[in-house]
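Counting from 1, position 114 in the sequence shown corresponds to residue 304 in the working numbering; the numbering is continuous, with no gaps. As C-alpha coordinates, the structure follows; a few thoughts come after it.
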Amino acid sequence: MKTIVLSTMLLTLASAQVMSAEVTYRKDIRPLWEQKCSVCHGASAPYLGDFEEDKKKFEALLKGPRMDTYADLVFFVGWPDSGALMRRLDDGKSASDGKPGNMYQNLGATEEERQKNLNLFKEWVGKDAWKHNRWEARGKVPAITKQDMDKIKVKY
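Next comes the structure, spelled out in C-alpha coordinates:
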(Lines of atoms letter the chains of each structure in order from A and count residues from 1; the text may use other names and numbers.)
(Lines give C-alpha, C1' and ligand atoms only; values in the text may rest on other atoms or scores of the structure.)
Protein backbone atom coordinates (compact mmCIF):
# COMPACT_ATOMS: atom_id res chain seq x y z
CA MET A 1 0.00 0.00 0.00
CA LYS A 2 2.82 2.43 0.87
CA THR A 3 4.44 1.66 -2.49
CA ILE A 4 1.25 2.58 -4.35
CA VAL A 5 0.85 5.83 -2.42
CA LEU A 6 4.51 6.73 -2.91
CA SER A 7 4.34 5.90 -6.63
CA THR A 8 1.21 8.02 -7.03
CA MET A 9 2.85 10.95 -5.23
CA LEU A 10 5.96 10.72 -7.40
CA LEU A 11 3.90 10.59 -10.60
CA THR A 12 1.87 13.59 -9.47
CA LEU A 13 5.04 15.53 -8.66
CA ALA A 14 6.63 14.60 -11.99
CA SER A 15 3.48 15.64 -13.86
CA ALA A 16 3.41 18.99 -12.08
CA GLN A 17 7.03 19.63 -13.00
CA VAL A 18 6.39 18.76 -16.66
CA MET A 19 3.33 21.03 -16.75
CA SER A 20 5.26 23.94 -15.30
CA ALA A 21 8.24 23.46 -17.64
CA GLU A 22 9.11 26.45 -19.76
CA VAL A 23 7.74 26.42 -23.31
CA THR A 24 10.50 26.73 -25.91
CA TYR A 25 10.64 26.93 -29.68
CA ARG A 26 12.78 23.81 -30.08
CA LYS A 27 10.90 21.59 -27.66
CA ASP A 28 7.29 22.73 -28.10
CA ILE A 29 6.60 25.26 -30.84
CA ARG A 30 8.70 23.82 -33.68
CA PRO A 31 7.03 20.36 -33.58
CA LEU A 32 3.57 21.94 -33.37
CA TRP A 33 4.42 24.37 -36.18
CA GLU A 34 5.68 21.49 -38.36
CA GLN A 35 2.44 19.60 -37.80
CA LYS A 36 -0.02 22.47 -38.25
CA CYS A 37 1.65 25.30 -40.20
CA SER A 38 4.52 24.10 -42.37
CA VAL A 39 2.44 23.20 -45.44
CA CYS A 40 1.66 26.87 -46.12
CA HIS A 41 4.47 28.61 -44.21
CA GLY A 42 7.42 26.28 -44.87
CA ALA A 43 10.63 26.58 -46.88
CA SER A 44 8.73 26.88 -50.18
CA ALA A 45 6.80 29.91 -48.90
CA PRO A 46 7.97 33.45 -49.70
CA TYR A 47 9.78 35.62 -47.19
CA LEU A 48 7.65 38.35 -45.61
CA GLY A 49 8.81 41.12 -47.98
CA ASP A 50 8.16 39.03 -51.09
CA PHE A 51 4.79 37.92 -49.73
CA GLU A 52 3.69 41.51 -49.15
CA GLU A 53 4.73 42.52 -52.68
CA ASP A 54 2.40 39.97 -54.31
CA LYS A 55 0.02 38.84 -51.57
CA LYS A 56 -2.83 37.82 -53.90
CA LYS A 57 -0.57 35.58 -55.98
CA PHE A 58 0.77 33.74 -52.94
CA GLU A 59 -2.63 33.43 -51.29
CA ALA A 60 -3.96 31.87 -54.53
CA LEU A 61 -1.13 29.33 -54.21
CA LEU A 62 -2.13 28.73 -50.57
CA LYS A 63 1.17 30.12 -49.37
CA GLY A 64 1.55 32.49 -46.47
CA PRO A 65 4.74 34.21 -45.44
CA ARG A 66 7.65 31.94 -44.58
CA MET A 67 8.02 31.00 -40.92
CA ASP A 68 10.21 27.91 -41.07
CA THR A 69 12.94 29.16 -38.74
CA TYR A 70 12.89 30.62 -35.27
CA ALA A 71 14.04 34.00 -36.61
CA ASP A 72 11.35 34.07 -39.31
CA LEU A 73 8.61 33.17 -36.83
CA VAL A 74 9.70 35.82 -34.34
CA PHE A 75 9.13 38.46 -37.09
CA PHE A 76 5.41 37.88 -36.54
CA VAL A 77 5.55 38.33 -32.78
CA GLY A 78 7.81 41.33 -32.16
CA TRP A 79 8.98 43.07 -35.31
CA PRO A 80 8.58 43.85 -38.20
CA ASP A 81 5.04 42.39 -38.27
CA SER A 82 4.29 42.96 -34.58
CA GLY A 83 1.37 41.00 -33.20
CA ALA A 84 0.61 39.17 -36.47
CA LEU A 85 1.01 35.72 -34.94
CA MET A 86 -1.29 36.68 -32.09
CA ARG A 87 -3.92 38.22 -34.38
CA ARG A 88 -3.91 35.20 -36.73
CA LEU A 89 -3.97 32.45 -34.09
CA ASP A 90 -6.23 34.07 -31.50
CA ASP A 91 -9.57 32.45 -30.64
CA GLY A 92 -11.30 35.84 -30.54
CA LYS A 93 -11.22 36.23 -26.77
CA SER A 94 -8.40 38.78 -27.03
CA ALA A 95 -9.88 40.57 -30.05
CA SER A 96 -11.97 43.73 -29.75
CA ASP A 97 -14.51 42.34 -32.24
CA GLY A 98 -14.54 38.85 -30.66
CA LYS A 99 -13.69 37.15 -33.97
CA PRO A 100 -11.06 34.42 -34.10
CA GLY A 101 -8.01 34.96 -36.26
CA ASN A 102 -7.99 33.47 -39.74
CA MET A 103 -5.51 30.74 -38.75
CA TYR A 104 -7.17 29.70 -35.49
CA GLN A 105 -9.04 26.83 -37.15
CA ASN A 106 -5.72 25.32 -38.27
CA LEU A 107 -4.57 24.80 -34.68
CA GLY A 108 -6.52 21.55 -34.42
CA ALA A 109 -9.39 19.36 -35.54
CA THR A 110 -11.43 20.00 -32.39
CA GLU A 111 -12.02 23.02 -30.18
CA GLU A 112 -10.24 21.22 -27.36
CA GLU A 113 -7.13 20.64 -29.52
CA ARG A 114 -7.21 24.23 -30.82
CA GLN A 115 -7.38 25.60 -27.27
CA LYS A 116 -4.54 23.36 -26.12
CA ASN A 117 -2.31 24.46 -29.01
CA LEU A 118 -3.31 28.12 -28.66
CA ASN A 119 -2.36 28.01 -24.98
CA LEU A 120 1.02 26.56 -25.93
CA PHE A 121 1.66 29.48 -28.30
CA LYS A 122 0.45 31.93 -25.63
CA GLU A 123 2.85 30.45 -23.07
CA TRP A 124 5.69 30.71 -25.58
CA VAL A 125 4.97 34.34 -26.48
CA GLY A 126 4.12 35.20 -22.87
CA LYS A 127 0.54 35.46 -21.64
CA ASP A 128 1.06 39.14 -20.75
CA ALA A 129 2.61 39.71 -24.19
CA TRP A 130 -0.29 38.20 -26.17
CA LYS A 131 -1.30 41.50 -27.79
CA HIS A 132 -2.79 42.31 -31.18
CA ASN A 133 -1.05 45.69 -31.44
CA ARG A 134 1.00 46.37 -34.54
CA TRP A 135 4.30 48.27 -34.76
CA GLU A 136 2.35 51.37 -35.81
CA ALA A 137 -1.10 52.41 -34.59
CA ARG A 138 -4.03 51.45 -36.80
CA GLY A 139 -7.46 52.95 -36.27
CA LYS A 140 -8.36 52.80 -32.59
CA VAL A 141 -5.63 50.26 -31.84
CA PRO A 142 -2.47 51.90 -30.49
CA ALA A 143 1.01 50.84 -31.52
CA ILE A 144 2.76 48.21 -29.45
CA THR A 145 4.68 49.78 -26.58
CA LYS A 146 8.18 49.18 -25.26
CA GLN A 147 6.58 47.78 -22.10
CA ASP A 148 4.58 45.29 -24.21
CA MET A 149 7.70 44.30 -26.13
CA ASP A 150 9.57 43.69 -22.87
CA LYS A 151 6.97 41.04 -21.90
CA ILE A 152 7.66 38.89 -24.99
CA LYS A 153 9.39 35.60 -24.05
CA VAL A 154 9.75 33.47 -27.24
CA LYS A 155 12.46 31.25 -25.72
CA TYR A 156 14.52 29.33 -28.22
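Glycine is no exception: its CB is placed at the ideal position from the N, C-alpha and C atoms.
For the alpha helix (DSSP H) holding residue i, just list the boundary residues, first then last.
i      : result
His163 : Since the first residue shown for the chain is 191 and the last is 346, residue 163 is missing from the structure and cannot be characterised.
Asn307 : 301-315
Gly239 : 238-243
Lys278 : What sits at residue 278 in the sequence shown is Arg, not Lys. Looking at the DSSP string, the run of the alpha helix (DSSP H) that includes Arg278 is 274-279.
Leu263 : 260-264
Asp340 : 336-340
Distance check for residue j and residue i, CA to CA, integer angstroms please.
i      : j      : result
Asn307 : Ala333 : 27 Å
Lys330 : Ala211 : 37 Å
Ser284 : Phe311 : 14 Å
Pro221 : Gly232 : 13 Å
Ser234 : Val213 : 27 Å
Ile342 : Ala250 : 33 Å
Leu238 : Arg216 : 22 Å
Lys336 : Ala319 : 11 Å
Ile219 : Arg328 : 29 Å
Gly268 : Tyr346 : 14 Å
Met293 : Leu279 : 5 Å
Mapping the DSSP letters down to three states, classify residue i as helix, strand or coil.
i      : result
Arg328 : strand
Tyr294 : helix
Trp223 : helix
Tyr215 : helix
Ala333 : coil
Asp318 : helix
*Would the segment 313-325 and the segment 261-281 be scored as touching if the rule is three or more Cβ pairs under 8 Å?*
yes
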